[in-house]
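The opening position of the sequence shown corresponds to residue 5 in my numbering, with each subsequent residue numbered one higher. All C-beta atoms in this analysis are idealised placements derived from N, C-alpha and C, irrespective of residue type, glycine included. Note that the structure is predicted; figures quoted are calculated from it, not measured. Here the structure comes first, spelled out in C-alpha cells, and everything after it is commentary.
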Amino acid sequence: MAKQHSKFTCQQCGFISPQYLGRCPQCGEWNSLVESVEETRKDPKNLRSKDPNIIAQPIKLSDIKPQPKERISTGISELDYVLGGGMVAGQVILLAGEPGVGKSTLLLQVVKSVVAPLAGAEKKAGTNPATTILYTSGEESPEQIGLRARRLGFSAKQNESLTLFAETNMEALLSQLTHSEAYGLLIVDSIQTMYSEALTGAPGSVGQVRECAYQLIQTAKSLRIPTIIVGQVTKEGSIAGPKVLEHLVDTVLYMEGSRFEETRILRVTKNRFGPTDEVGVFSMHEDGLREVTNPSSSFIQQREHALAGQATVVVMEGTRPILVEIQALVAPSELKSPRRVGNGVSFNRLTMICAILSKHLRLPLERFDVYVNVSGGMTIAEPAADLGIAVSIVSSFKNKPLPDKAVAIGELSLLGEVQRVSRSERRIKEAKRLGYTTIYDSSRFPQITHLVKNISR
C-alpha cells in the first residue's frame, strides 16, 4: 500500500529536504522550498506500469471520433460570451480579481440564473436533472452569503437549489462531493483558504494551493461537475500561489475594475473550450452586477460637441471592437523634468508618443506636463490607440477640439508614420455603426504631420 509523506523541494535547483529550510543549502536561495506530497510503494508489483490492463494505449488521430461538448449556459449572456458559449461538464474555471471587485456577487448571480439551464442540459443528455449547487466558502459564513443572496433577490426555488458548505478541509469537501447527492455546479471561494491534511503547511501556502487544486480538479473531472474556483491576487495583481494553478485549470478569468468606478471588465486569458482575450462588461449597482450590452457606451462620454484634448479610439478586446474616449491635458510645467502621467495607458508608450510629437511636429513638450486618461477606468495595451493619444495631446496643446464624431485608428512609428493596425475594417465598421463619420487612419493620413495639418485648419 502507498505511504504518504511530505517533502520540501527547492523551486530553483530541485534540492529535496525532509523538513522546511528558510535557505536552500545547495543554491543559496531564500524561501524557495515548497512542500509537496510524495507517495512511496513498498511492493513494486503494485506499480501501475506492471499492470497492462490499466496502462493507457496509443491511439491514432484518425481513430478519434469528435464528440461535441454540450454547453451549459450560466444564464448571464456576457459571461457565456467570455466562456465561448457557456460552461462544459467537468470544466474548471479560475476566477481572480482584487478584493471587493465583485467576484462573490458574480458567483451568486450565476447561482441565481443557472438553475434552469442546468436542468435543461441534464434532461437533454437523458439523465436526471442535477440542479443542486454546492457553494463552499472559507471566507464568509453561511449567514453572510444568505444576506447577499436576499439582497440579490433570490426566489424560494433558487434558495432551495443552493447548498452552502462552510468548510476549508479539502478531504471533507471531496467526501461531500463523492458520497452525497449529485451536484450540477461547484463553487469554491477561495482556493487559498483550503488545506489538505496530507501537508503540514498553512492554508494559502504554495504547497497547499497546488495540492488542493490538483485534488479538486481530479475530482471535478471524474464526476463531470462544472467548477468555479475563486483565486486571490497579490498586490502586484497576479494570482496568489504557484503558477501551476493556472496551468491546471481549463479557464482563467480576471475581473478588473475600481471601487470608485461602476464598470467591471471580465477578461479571459486562458480557455481550453473557447477563444481567449474576450471580455465581458458589467456595471456594479446596489442590486448586483448588470450586463452592459453596448460596452462602448460605458467608455464614451455623451457631449453635444467635442472638447479640446478629447479623442476617440477603437480597441479590440478579443473579437469585440470597443470605442473608448481618450482625454489629454497639456499644461506648462515648473519642473526641470516635466511630468508624464498616464491613467489606463503605458507610461513607456506615453513617453514615446510625446517624443514622436516633439521630434516630428516640433512641439515644445519638454516644457509642458502631459496627462492622459482613459475614460471609464479601462486599460489600453494595444498600439492601435497611439494615434488617438497623439491627436488628443495635440488638441489639448493647441486648445482646438477635433471634429465631432471623429475617431482615430493607427499605430505610430518612431519615424512619424501612421501604420495600419490589425482588423482595421472591423474597427471602422463599428465606428460607423455608432455614428462616427470622420475616420483618421493610415489610409488617409500616412504621416502624423499630414493629420495635424488637417486638424489645425
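Check, Outcome
"Any C-beta of chain B under 9 Å from that of residue 229", "Looking at the structure shown, chain B is missing, and only one protein chain is on hand."
"Complete runs of the beta strand (DSSP E) confined to the stretch 215 to 282 [at least 3 residues]", "231 to 235, 255 to 260, 267 to 275"
"When 116, 206, 63, 37 are compared against residue 17, the one with the closest alpha-carbon", "37"
"Supposed close pair residue 324, residue 283 - CB separation, criterion 8 Å", "7 Å"
"For residue 19, the first and last residue of its enclosing beta strand (DSSP E)", "Looking at the DSSP string, residue 19 is not in any beta strand (DSSP E), and its letter there is neither H nor E."
"Residue 357 and residue 410 closer than 9 Å at C-beta", "no"
"For residue 387, the three-state DSSP class (helix, strand or coil)", "helix"
"Residue 302 - DSSP class collapsed to helix/strand/coil", "helix"
"For residue 310 and residue 407, the rounded distance between their alpha carbons", "7 Å"
"C-beta atoms of residue 307 and residue 336 nearer than 9 Å", "no"
"Beta-carbon gap between residue 374 and residue 345 smaller than 9 Å", "yes"
"Buried or exposed by the 16-neighbour rule on C-beta atoms within 10 Å, applied to residue 26", "exposed"
"Own chain residues within Cβ distance below 6 Å of residue 212, not counting five before or after", "199, 203, 205"
"For residue 421, the three-state DSSP class (helix, strand or coil)", "strand"
"Expected contact under 8 Å - CB spacing of residue 150 and residue 197 to nearest Å", "Wrong, their Cβ atoms sit about 19 Å apart, outside the cutoff."
"Proximity of residue 107 and residue 259 at Cβ, strictly below 9 Å", "yes"
"Where residue 453 sits in the DSSP three-state scheme", "helix"
"For residue 247 and residue 28, the rounded distance between their alpha carbons", "20 Å"
"Segments assigned alpha helix (DSSP H), at least 4 residues, entirely inside the stretch 290 to 357", "300 to 303"
"Three-way DSSP call (helix, strand, coil) for residue 401 in this model", "helix"
"Residue ranges of each beta strand (DSSP E) within the stretch 52 to 126, 3 or longer", "96 to 101"
"For residue 195 and residue 217, believed in contact at Cβ under 8 Å, the rounded distance", "6 Å"
"Pairwise C-alpha distance: residue 288 and residue 334", "32 Å"
"Identity of the residues DSSP links to residue 190 by a beta bridge", "138, 231"
"Beta-ladder partner(s) of residue 11, from DSSP", "40"
"Sub-9 Å separation of residue 326 and residue 299 beta-carbons", "yes"
"Cα-Cα separation between residue 270 and residue 22, rounded to whole angstroms", "42 Å"
"Limits of the beta strand (DSSP E) - the one that residue 443 falls within", "442 to 444"
"Residue 211, DSSP secondary structure in three states", "helix"
"C-alpha distance - residue 251 paired with residue 423, whole-angstrom precision", "36 Å"
"Pair within 9 Å by beta-carbon distance, residue 295 and residue 303", "no"
"Inter-residue CB distance, residue 174 and residue 219 (contact presumed, cutoff 8 Å)", "6 Å"
"Extent of the continuous beta strand (DSSP E) to which residue 166 belongs", "166 to 169"
"Any 3 or more C-beta pairs closer than 8 Å across the stretch 272 to 283 and the stretch 229 to 236", "no"
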